[in-house]
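**Student:**
2 protein chains.
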Amino acid sequence: MSLESTLTPRARARVETIEQIKQIARHHLAVEGPNLSLRAVARDLGVVSSAVYRYFASRDELLTALIVDAYTSMADAIEQAEKQVPRRDLAGRWFALGRSARQWALHNQHEYALLYGSPVPGYAAPQDTIEPANRPVLLAMAILREGVERRAIDPPRDRLPKPVRADFERIASIDGFTGVPPGVMARAFTAWAQLFGTISFELFGRFTNAITDYDAYFEHQLKVTARHLGLSR
Amino acid sequence: MSLESTLTPRARARVETIEQIKQIARHHLAVEGPNLSLRAVARDLGVVSSAVYRYFASRDELLTALIVDAYTSMADAIEQAEKQVPRRDLAGRWFALGRSARQWALHNQHEYALLYGSPVPGYAAPQDTIEPANRPVLLAMAILREGVERRAIDPPRDRLPKPVRADFERIASIDGFTGVPPGVMARAFTAWAQLFGTISFELFGRFTNAITDYDAYFEHQLKVTARHLGLSR
DNA sequence: CGCGGTCTGAGAGCAGTGCTCTCGGACGAG
DNA sequence: CTCGTCCGAGAGCACTGCTCTCAGACCGCG
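Line by line, the protein sequences are chains A and B. The first sequence: position 30 = 30 (the working numbering), numbered continuously. In the working numbering, each residue carries its 1-based index in the second sequence increased by 1000.
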């Protein structure tokens, strides 16, 4: 029934090797930092470096695979956390989203840097990354859509510059973004940049000598955004 | 009178060579991307690689020098722009600060990534970087302090979590941060993360397929922050 | 002016990197 | 059982950061 059982032994071994390589690479990333060495990964796998090229055409391809996995892992963690909050508690769901995003970032710092830090040199985000990268955004949109539909959120009548409003109206016609009025979406985008900006600031050391209680600070940011989005008073 | 004239010819040549190396390195950074190669810099300088080590003990040291320069260059640009706005126009000064920060980032993308992207592997921010890195923050604080002193800003009585308030009160005792009430500083920190989060999102491609008019979008963000800070209606 | 020390560039070399290519053996589908 | 596919090993290329040695150029001081 499982996917592996339908595969030939060779193909099975192949996906297992690929998983091992990624596993080791993730470990290196976490321990050694962002300078991932394919040769070092090969050594840890007990194999000569050229063998790894049977599974990944280049170091960039391996990195891309890690990035896709990281996006997926982060999205899984966020969705999992959000799911455990009662559906009616919109603010609670927003908090869960934000908290779990930050927690994931704290526990996977170098992977977070890969996703939200400076873009990697050779690498141009392939199609495979945009879907998992968007999942948390779509989740946020779902919360806001529900809030609007349920009249819990009173859509702000903020004056938006024409081109900005146009962008948000166009976005609202994309699958998963529907039902969120421009005013709400504008505030959501702002909140998003603010929260991930805060996470990046924390992780990249921009708050050193300033903030000491990071947990409390982020919690405060969450409250501010929730209030601004109309999810709480 | 000038600094160079007081130096021996050798020392003069030395500072000139250092400047040339940094110049070439900056160019490589802009053209080739973040993978700066010391050997390539040496080649462009028409010199063998080991010669460069007479001026920079390591690649990291060269990178650090570039980072310090970049912070300084950005701070210069921001201060220059802010200075040209009439002192009484607090909102205008805030806009000038934000706009020039973004413009500098757009014109020096890889250097911006060095400053605000994922931290460089081996490198731990040395003392030399924190002063120029703080200059834009201090400028923002100066604007807000003036606003409060002049009663143009009505300090919000936001309820802040105890540890957060404590942090901001402690910060307010640091030179350059005085005279900014916790409520204002909290909002300033939020605005700061939001603005630099927005700039990073734009530069790192996180807005692709969403925002099309980046200028208008950032201008909108500036308005939102200015309003939230009490600098404008 | 000339001597001695300092500074600087060249060159060779080491260990590491990404990546390519060839070869031989193992595996599995027919 | 055989033939084609797959896979790992090994050698090799061009590159990297960095070290060390050597020789020459420069400059300050006597």
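All C-beta atoms, glycine included, are put in the ideal place defined by N, C-alpha and C.
#1: Should B:Pro1126 be labelled buried (16 or more other beta-carbon atoms within 10 Å of its own) or exposed?
#2: Counting only Cβ pairs nearer than 8 Å, list the residues of chain B close to A:Phe196.
#3: Using a 10 Å radius around the Cβ and a threshold of 16 neighbouring Cβ atoms, would you call A:Lys223 buried or exposed?
#4: Closer than 7 Å by beta-carbon distance: list the chain B residues that pair up with A:Val224, in chain order.
#5: Using a Cβ cut-off of 7 Å, which residues of the stretch 154-180 of chain A contact any Cβ in chain B, in chain order?
#6: Extract the residue ranges of the beta strand (DSSP E) inside the stretch 1018-1046 of chain B, only unbroken runs of 3 or more that lie entirely within it.
#7: Does the pairing of the stretch 185-192 of chain A with the stretch 1180-1188 of chain B give three or more beta-carbon distances under 8 Å?
#8: For A:Ala42, which residues from the same chain have a beta carbon less than 7 Å from its beta carbon, with the 5 sequence-adjacent residues on both sides left out?
#9: What residue from B:Ala1070, B:Ile1199, B:Ile1143 has the CA that sits closest to B:Leu1229's CA?
#10: Express the C-alpha separation of B:Arg1102 and A:Val164 in angstroms, rounding to a whole number.
#11: Please return the same chain residues whose Cβ sits closer than 7 Å to the Cβ of B:Leu1003, not counting the five positions on each side in sequence.
#12: Name the residues in the stretch 1131-1154 of chain B whose C-beta lies less than 8 Å from a C-beta of chain A; which are they?
#13: Label B:Ser1058 either buried or exposed according to how many other C-beta atoms from any shown protein chain fall within 10 Å of its C-beta, with 16 as the threshold for buried.
#14: Taking buried to mean at least 16 other C-beta atoms within 10 Å of its own C-beta, is B:Pro1034 buried or exposed?
#15: For the structure I just gave you, are there three or more beta carbon pairs, one from the stretch 1168-1176 of chain B and one from the stretch 1202-1209 of chain B, closer than 8 Å?
#16: Please give the ranges of any alpha helix (DSSP H) in the stretch 120-173 of chain A, keeping only runs that are unbroken, at least 4 residues long and fully inside the region.
#17: Exposed or buried, B:Ala1011, counting other C-beta atoms within 10 Å across all chains shown (16 or more means buried)?
#18: Pull up the CB-CB distance for A:Asn108 and A:Ala70, whole angstroms please, since I reckon it's below 8 Å.
#19: Distance check for B:Ala1105 and A:Val31, CA to CA, integer angstroms please.
#20: For the alpha helix (DSSP H) holding A:Ala91, just list the boundary residues, first then last.
#21: Output the boundary residues of the alpha helix (DSSP H) element that contains A:Ser200.
#22: Which two residues bound the contiguous alpha helix (DSSP H) that contains B:Val1068?
#23: Going straight from the alpha carbon of B:Leu1236 to that of B:Pro1132, what length do you get?
#24: How about A:Ala211 and B:Asp1167: do their beta carbons lie closer than 7 Å?
#25: Residues of chain B with CB under 9 Å from A:Phe204, in chain order?
#26: Shorter than 7 Å from the beta carbon of B:Asp1060 to some beta carbon of chain A?
#27: For a cutoff of 7 Å on Cβ pairs, would you count B:Ile1211 as touching chain A?
#28: Note down, in chain order, each residue of its chain lying with its Cβ closer than 6 Å to the Cβ of A:Phe95, except the 5 sequence neighbours on either side.
#29: With distances taken Cα to Cα, identify the nearest neighbour of A:Arg26 among A:Ala40, A:Ala13, A:Arg14, A:Val15.
#30: Taking only the alpha-carbon atoms, compute the straight-line gap between B:Leu1160 and B:Ile1078 and give it to the nearest angstrom.
#31: Tell me which same chain residues have a C-beta within less than 8 Å of the C-beta of B:Gly1092, skipping the five on either side of it?
#32: Where does the unbroken alpha helix (DSSP H) through B:Thr1225 begin, and where does it stop?
#33: Is there a C-beta anywhere in chain B that falls below 7 Å from the one on A:Arg233?
#34: With a threshold of 6 Å on Cβ separation, who are the neighbours of B:Gly1098 within its own chain once the five nearest residues in sequence on each side are excluded?
#35: Run through chain A and tell me which residues come within less than 7 Å of B:Ala1216, C-beta to C-beta.
**Tutor:** Concretely, from the data shown:
#1: exposed
#2: Gly1197, Phe1201
#3: buried
#4: Thr1190
#5: Leu160, Pro161, Pro163, Val164, Asp167, Ile171
#6: none
#7: In short, these stretches do not touch, since the Cβ pair count stays below three.
#8: Val48, Ser49, Ala51, Val52
#9: B:Ile1143
#10: 18 Å
#11: Below a pLDDT of 50, predicted positions are generally treated as unreliable, and B:Leu1003, at 43, falls in that range; no measurement from the model is reported.
#12: Those would be none; no residue qualifies.
#13: exposed
#14: buried
#15: no
#16: 127-149, 162-171
#17: exposed
#18: 7 Å
#19: 31 Å
#20: 90-107
#21: Residue range 182-203 is occupied by the alpha helix (DSSP H) that includes A:Ser200.
#22: 1059-1083
#23: There is no way to answer for residue 1236 of chain B, as the model of chain B reaches only from 1001 to 1233.
#24: The sequence given here places Ile at residue 211 of chain A; Ala does not occur at that position. It is a contact, given that the beta carbons lie within the stated cut-off.
#25: Neighbours of A:Phe204 on chain B, chain order: Tyr1116, Gly1117, Ser1118, Pro1119.
#26: Under the Cβ criterion of 7 Å, B:Asp1060 is not counted among the residues facing chain A.
#27: yes
#28: Leu222
#29: A:Ala40
#30: 30 Å
#31: For B:Gly1092, the CB contacts under 8 Å within the same chain, skipping 5 residues up- and downstream, are Val1085, Pro1086 in chain order.
#32: Note, B:Thr1225: alpha helix (DSSP H), 1214-1228.
#33: no
#34: Leu1195, Leu1222
#35: Pro161, Pro163, Val164
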